[in-house]
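Enquirer:
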Amino acid sequence: MAEFTYEIVEELGVLSETARGWTKELNLISWNKREAKYDIREWAPEHEKMGKGVTLSGDECAELKRLLAGIDFDAME
1 MAEFTYEIVE
11 ELGVLSETAR
21 GWTKELNLIS
31 WNKREAKYDI
41 REWAPEHEKM
51 GKGVTLSGDE
61 CAELKRLLAG
71 IDFDAME
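Using the numbering used here, the first residue of the sequence shown is number 1, and each one after it goes up by one.
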């Protein structure tokens, strides 16, 4: 598997935390020194390990925001 690099440019927020201390986070991350993108994934406490996640461009993140705004979360309970 090829080596890759990442830099967390901005930590935007924690969505949840597991009993093991891992956190699901929304961050702005530069992968392999490319333009930073929005990223949602689980991280170990000191960001030394990561789980699988999803990376979104600015346009994709804006579309996700639009889609989420249209959901009635209260009706789901």
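No residue lacks a Cβ here, since even glycine has one placed at the ideal position from N, Cα and C.
1) Please state the DSSP three-state secondary structure of Glu48.
2) Leaving aside the five residues before and after Phe4 along the sequence, list all residues of the same chain whose C-beta is less than 7 Å from its C-beta, in chain order.
3) Going by other Cβ atoms of all chains shown within 10 Å of its Cβ, with 16 needed for buried, is Ile29 buried or exposed?
4) Are the beta-carbon atoms belonging to Leu15 and Lys24 less than 8 Å from one another?
5) Suppose you measure from the CA of Lys52 to the CA of Asp74; what does that come to, to the nearest Å?
Expert: Taking the geometry as given:
1) Here residue 48 refers to the residue found at position 48 when the sequence shown is read from its first residue. Glu48: coil per DSSP, three-state reduction.
2) As a working mapping, residue 4 is identified with position 4 in the sequence shown. Cβ neighbours of Phe4 beyond the five flanking positions: Trp31, Asn32.
3) As a working mapping, residue 29 is identified with position 29 in the sequence shown. By the 16-neighbour rule on beta-carbons within 10 angstroms, Ile29 is buried.
4) If you number the sequence shown from 1, residue 15 lands on position 15. If you number the sequence shown from 1, residue 24 lands on position 24. A contact, by the Cβ cut-off of 8 Å.
5) Counted from its first residue, the sequence shown places residue 52 at position 52. Counted from its first residue, the sequence shown places residue 74 at position 74. Roughly 29 Å between the two C-alpha positions.
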